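Read through the structure below, which is laid out as structure tokens, and then see the notes.
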Amino acid sequence: MTTIATTEKAEPARRPRSQILEFMRQQPMGAASFVVIVVMMFAGVFAERVAPHDPLDIDFGGILAPPSWEHWTGTDAFGRDTFSRIIYGARTALIIGFASSFIGSSLGALLGATCAYFGGRVDMVIQRFVDIMLSFPIIVLALVVVAVLGKWQVLGIDINLIFAIAIPIVPNVTRIVRSAALSVRAMPYIDAARTAGYSHLRIICRHMLPNLMAPYLIMLTAYIAQAILLEASLSFLGLGVAEPTPAWGLMLSGNATDFFREAPWMALFPGIAISLAVFAFSLFGDSLRDWLDPKFKV
Amino acid sequence: MIRKSTIALALTATLAFAGDAVAQTPKKGGSFQFAISAETPHYDCHGSDTYATLHFASPFYSTLLQFDLPKYPAVKGDLAQSWTVSPDLMTFTFKLTPNVKFADGQPLTSADVKATYDRLRNPPDGVVSTRKATFADIGTIETPDPLTVVFKMKAINAAMLEHFASPWNCIYAAKDLAADPNSPKVKINGTGPFIFSEHAKGSHVIGKKNPNYFKPGLPHLDEWKGVFMLQAAAMRTALQGGQVLAEFRSVSPPERDSLVQAMGDKLRIEESSWTLNLLLTFNTEKKPFDDVRVRKALSLAIDRWGGSAGLSKNSTLRAVGGVIRPGSPSATPEAELVKLPGFSKDINASREEAKRLLREAGVPDLKFTLHNRTIPQPYTPAGIYLVDQWRRIGVTAENKQFETAPYLAGLNSGNFEVAVDFSNLFMDDSSLGLSKYLSLGKSSENKSRSVDAELDSLYDRHMRETDPKKRIVLIQAFEKRLFDQSYQVPILWWHRIVATHKTVMGWEMSPSHNLGQDLAQVWLNQ
Numbered sequence: 002m003t004t005i006a007t008t009e010k011a012e013p014a015r016r017p018r019s020q021i022l023e024f025m026r027q028q029p030m031g032a033a034s035f036v037v038i039v040v041m042m043f044a045g046v047f048a049e050r051v052a053p054h055d056p057l058d059i060d061f062g063g064i065l066a067p068p069s070w071e072h073w074t075g076t077d078a079f080g081r082d083t084f085s086r087i088i089y090g091a092r093t094a095l096i097i098g099f100a101s102s103f104i105g106s107s108l109g110a111l112l113g114a115t116c117a118y119f120g121g122r123v124d125m126v127i128q129r130f131v132d133i134m135l136s137f138p139i140i141v142l143a144l145v146v147v148a149v150l151g152k153w154q155v156l157g158i159d160i161n162l163i164f165a166i167a168i169p170i171v172p173n174v175t176r177i178v179r180s181a182a183l184s185v186r187a188m189p190y191i192d193a194a195r196t197a198g199y200s201h202l203r204i205i206c207r208h209m210l211p212n213l214m215a216p217y218l219i220m221l222t223a224y225i226a227q228a229i230l231l232e233a234s235l236s237f238l239g240l241g242v243a244e245p246t247p248a249w250g251l252m253l254s255g256n257a258t259d260f261f262r263e264a265p266w267m268a269l270f271p272g273i274a275i276s277l278a279v280f281a282f283s284l285f286g287d288s289l290r291d292w293l294d295p296k297f298k299v
Numbered sequence: 026m027i028r029k030s031t032i033a034l035a036l037t038a039t040l041a042f043a044g045d046a047v048a049q050t051p052k053k054g055g056s057f058q059f060a061i062s063a064e065t066p067h068y069d070c071h072g073s074d075t076y077a078t079l080h081f082a083s084p085f086y087s088t089l090l091q092f093d094l095p096k097y098p099a100v101k102g103d104l105a106q107s108w109t110v111s112p113d114l115m116t117f118t119f120k121l122t123p124n125v126k127f128a129d130g131q132p133l134t135s136a137d138v139k140a141t142y143d144r145l146r147n148p149p150d151g152v153v154s155t156r157k158a159t160f161a162d163i164g165t166i167e168t169p170d171p172l173t174v175v176f177k178m179k180a181i182n183a184a185m186l187e188h189f190a191s192p193w194n195c196i197y198a199a200k201d202l203a204a205d206p207n208s209p210k211v212k213i214n215g216t217g218p219f220i221f222s223e224h225a226k227g228s229h230v231i232g233k234k235n236p237n238y239f240k241p242g243l244p245h246l247d248e249w250k251g252v253f254m255l256q257a258a259a260m261r262t263a264l265q266g267g268q269v270l271a272e273f274r275s276v277s278p279p280e281r282d283s284l285v286q287a288m289g290d291k292l293r294i295e296e297s298s299w300t301l302n303l304l305l306t307f308n309t310e311k312k313p314f315d316d317v318r319v320r321k322a323l324s325l326a327i328d329r330w331g332g333s334a335g336l337s338k339n340s341t342l343r344a345v346g347g348v349i350r351p352g353s354p355s356a357t358p359e360a361e362l363v364k365l366p367g368f369s370k371d372i373n374a375s376r377e378e379a380k381r382l383l384r385e386a387g388v389p390d391l392k393f394t395l396h397n398r399t400i401p402q403p404y405t406p407a408g409i410y411l412v413d414q415w416r417r418i419g420v421t422a423e424n425k426q427f428e429t430a431p432y433l434a435g436l437n438s439g440n441f442e443v444a445v446d447f448s449n450l451f452m453d454d455s456s457l458g459l460s461k462y463l464s465l466g467k468s469s470e471n472k473s474r475s476v477d478a479e480l481d482s483l484y485d486r487h488m489r490e491t492d493p494k495k496r497i498v499l500i501q502a503f504e505k506r507l508f509d510q511s512y513q514v515p516i517l518w519w520h521r522i523v524a525t526h527k528t529v530m531g532w533e534m535s536p537s538h539n540l541g542q543d544l545a546q547v548w549l550n551q
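In order, the protein sequence lines correspond to chains C and Z. For what it's worth, the working numbering labels the leading residue of the first sequence as 2, then goes sequentially. For what it's worth, the working numbering labels the leading residue of the second sequence as 26, then goes sequentially.
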């Protein structure tokens, strides 16, 4: 009771700026991770302006050069600037991370809300399917999907890879959103909407989903980290994006393993980038959950 | 970055060890596990170009002749106990070894050899023989008795004896071919040192000792297992950990250095130039690659000399050459090579010419997909390099890599625009080296789908030419025409580096990874 009262009182008074300041005060780690994410997004979006070199430029005269003022994180086995490749790699990671997390979480939220709304046989069938999907480790499921779908590249981005990463996200989000949606389903306004004769689709999309935005956003953010990690893992295994597209996982495989003694920077810096991105998104997701979920505010 | 001292040490150790090997008596028995870095799309030697088929199937089959690897390119008998060649080179008579049996128990006769070579030179509808052009000169095949085969030629082919030693000419049973001409694609029944036991797709192939093998005392091994390892890192780790004892295709220079450093004197490294050429193939049936200006521009943009210096440090690519292996007797010397389109050392001038040709052709900012293979060495470095080279003339290429089966299916069906292709030879003779570039219909190895009567004519003339000097002139004319038209152009020739545990004995290194893979002589010194 106290929790609800606090939330109800505080929310109408908040303005966006004060909300941000409040978030920073209450979740300093979340705020710090948000800064990292913003920097990554900036680097990804403005890679052409930020990167000191063209990430595809081969320079056999500068093969495996160690970190220097010219090449901040050294060069790879083709003399390509690894710092520029990391910056462009942020673009690949964010596009695939955001796209797959968005598709997976949105589909999961829709299925979760549908299960909760209809209940009965619909809920039973979808939930058993979700059980089957959840029995597979997320990487195994992604590997299976990649193997089945193959590759479909558009502008160097593998569209099927996005779906391969999105599909394993769906069952996890479905399960969590369903549990939140069950309480929304019991609200009087849903009954009112049904009495008013609104269609099922309208009730789910207009009345239920907006009220599930908090768990949805939390899952969306948290699964971006998972998606980035999955993309890196699949690229490392040769099933993700293809050379010469700059991608962090790809930078860790191939020549990075061949030359790890002579040029450890080839694996070190992309590894740091992956860790930092995953850490930042996970931490931000956690902070967002703590901030948005009333239960954590007690 | 290559540690010359460690390599020198390893090579010295190899030579010293080779001396030991000669002195040792082979030990019988044991199970030999080795890595194969690609999985064969089918079992048929006649219809394949890839080592993936030979490293899988060679131990199960025999051929008429074999290359004598310590004396390469000399040949020796395999199924043939003896043979004679008429002075005019028009008749080849082979006496077969008696009492040879196929794995299913049926005896081998001259009829099986005839059926095999009929399939190779004139495949029935629905059967692919990539050796069709090679054996087009055979007029008739006679079988006067069950152990004699006589090949009568329509025209002279000076390298015919070597062609009879091709590892691709697996001898099949006539009865099997009569029942289903395509049966060798899915069923293995040979007279080789091992009998097919198991193929777990995506995992491994197992061969068991053939107790009825016709060569006394062979094979030494009880069993072998070829494990498919498509990831170079996995293969290297397995080799280092002893899960596999060899990989017979090649490792890259950095992989070699890493293995030498990790394994020291437990490892044997053998190196050789390689009868394998990475090619750029344009699909001449697709626009704009039906335009010679576009094809030539894309070839001109590639800095082969600079690429050779750079790629030799991180890949199995090394030598710059034409259609014949650089350094071999018929190869075009460097002084002549640099005059050919795409081989000039003035890369800036070549690229200006390339840009002009693309403008003329109306595609100055051309975009296309490069059909490539997922095998890391050397396909991935080649893809990276080509994309970079074309960017320098304003061309955007997307490097798409496929597993062996879909890669070959795309090449064979013409479902590609530009492809990284290969010329996988087992000897240096030009009759083999040039055959890939013959018109579609004459050569099923020609993936560019080009038809060029001038190239066909030059090939025929060179085949009939017995004067070696005049033959070389014709080879060079062939190369000039080929590179002017740029249907298929060499990128770089490969360099072979084979790493084996020192417990693996009896295997012979050669310039071709297609040769010496029947494993009959291999034994384990454990």
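Each residue gets a CB set at the ideal place from its N, CA and C atoms; glycine is no exception. Just so it is clear, the structure is predicted and the values come from calculations on it, not from any experiment.
Amino acids of chain C, ordered along the chain, whose beta-carbon sits closer than 8 angstroms to that of residue i
i, result
"Z/S277", "D259"
"Z/D316", "None at all; the shortest Cβ gap to chain C is about 25 angstroms."
"Z/E280", "D259"
"Z/G331", "F61"
"Z/S228", "By Cβ distance, chain C contributes nothing, its closest Cβ being about 15 angstroms from Z/S228, past 8 angstroms."
Status (buried if at least 16 other CB within 10 Å, exposed otherwise) for residue i
i, result
"C/G198", "exposed"
"C/E9", "With a pLDDT of only 44 at C/E9, under 50, the local geometry of the prediction cannot be trusted, and the value read off the model is given with reservation. C/E9 comes out exposed."
"Z/G217", "buried"
"C/W70", "exposed"
"C/Y190", "exposed"
"Z/K494", "exposed"
"Z/K321", "buried"
"C/H201", "exposed"
"C/R203", "exposed"
"Z/P123", "exposed"
"C/G62", "exposed"
Contact with chain Z by residue i, beta-carbon distance below 8 angstroms
i, result
"C/N212", "no"
"C/G272", "no"
"C/I64", "yes"
"C/G239", "yes"
Within chain C, partners of residue i - CB distance below 7 angstroms
i, result
"Z/A334", "F61"
"Z/P401", "G255"
Near the ligand PLP: residue i beta-carbon under 7 angstroms from a heavy atom
i, result
"Z/N214", "Here there are no bound small molecules, and the ligand PLP is not part of this structure."
C-beta neighbour in chain C for residue i, strict 8 angstroms
i, result
"Z/T405", "yes"
"Z/S283", "yes"
"Z/K101", "no"
"Z/N373", "no"
Contacts that residue i makes with chain C (C-beta to C-beta distance below 9 angstroms)
i, result
"Z/K370", "Result: empty, since nearest Cβ-Cβ is about 15 angstroms, beyond 9 angstroms."
"Z/K120", "Result: empty, since nearest Cβ-Cβ is about 50 angstroms, beyond 9 angstroms."
Problem set entry | alpha helix (DSSP H) runs wholly inside the region 90-142 of chain C, at least 4 long, in chain order | Those alpha helix (DSSP H) runs which fall completely within the region 90-142 of chain C and span 4+ residues are 121-135.
Problem set entry | 3-residue-minimum beta strand (DSSP E) runs that sit fully inside the region 149-184 of chain Z, ordered along the chain | Restricted to the region 149-184 of chain Z, the beta strand (DSSP E) segments that are unbroken, complete and at least 3 residues in length are 163-170 and 173-178, listed in chain order.
Exercise. Which of the residues in the region 408-441 of chain Z, read from start to end, lie with their CB under 7 angstroms from any CB of chain C?
Worked result: Cβ contacts with chain C: G408, I409, Y410, V412, D413, R416, E423, N424, K425 and Q426.
For this session: Please list the segments of the alpha helix (DSSP H) lying wholly inside the region 94-148 of chain Z, counting only runs of 4 or more residues, in order along the chain.
Result: Counting only runs of at least 4 residues, the region 94-148 of chain Z fully encloses the following alpha helix (DSSP H) elements, listed from N- to C-terminal order: 135-146.
For this session: Could you run through the region 247-272 of chain Z and flag, in chain order, every residue whose CB is less than 7 angstroms away from some CB of chain C?
Result: Listed by position along the chain: Q256 and A258.
Exercise. Between the region 293-314 of chain Z and chain C, which residues of the former have a C-beta closer than 7 angstroms to a C-beta of the latter?
Worked result: Contacts with chain C (Cβ-Cβ distance below 7 angstroms) from the region 293-314 of chain Z involve no residue at all.
Problem set entry | Within 8 angstroms of chain Z by C-beta, residues of the region 72-96 of chain C in sequence order | Residues of the region 72-96 of chain C that bring their beta carbon within less than 8 angstroms of a beta carbon in chain Z comprise A78, F79 and G80, in sequence order.
Exercise. Using a beta-carbon distance cut-off of less than 9 angstroms, what residues from the region 243-259 of chain C approach chain Z?
Worked result: Within the region 243-259 of chain C, the residues whose Cβ lies closer than 9 angstroms to some Cβ of chain Z are A243, E244, P245, T246, S254, G255, N256, T258 and D259, listed in chain order.
Exercise. Which residues, taken in chain order from the region 43-60 of chain C, show a beta carbon closer than 8 angstroms to some beta carbon of chain Z?
Worked result: Against chain Z - using a Cβ distance shorter than 8 angstroms - the residues of the region 43-60 of chain C are L57, D58 and I59.
Exercise. Can you list, in chain order, the stretches of the alpha helix (DSSP H) that have 4 or more residues and sit fully within the region 304-346 of chain Z?
Worked result: Those alpha helix (DSSP H) runs which fall completely within the region 304-346 of chain Z and span 4+ residues are 317-325 and 329-339.
Exercise. Could you give the uninterrupted runs of the beta strand (DSSP E) lying entirely in the region 470-538 of chain Z, keeping only those of 3 residues or more?
Worked result: Taking only runs of at least 3 residues, the beta strand (DSSP E) segments lying wholly in the region 470-538 of chain Z are 513-526.
Problem set entry | Sequence ranges, alpha helix (DSSP H) only - wholly within the region 198-282 of chain C, length at least 4 | When DSSP assignments are scanned along the region 198-282 of chain C, the uninterrupted stretches of alpha helix (DSSP H) that are 4 or more residues long and fall wholly within it turn out to be 214-237, 249-253 and 256-259.
Problem set entry | Whole runs of the beta strand (DSSP E) within the region 408-465 of chain Z, excluding any shorter than 3 residues | Counting whole runs of 3 or more residues, the region 408-465 of chain Z contains the beta strand (DSSP E) stretches 421-427 and 443-449.
Exercise. Can you list, in chain order, the residues of the region 332-364 of chain Z whose Cβ is nearer than 7 angstroms to any Cβ on chain C?
Worked result: Across the region 332-364 of chain Z, CB contacts with chain C closer than 7 angstroms involve A334, G335, K338 and N339, in sequence order along the chain.
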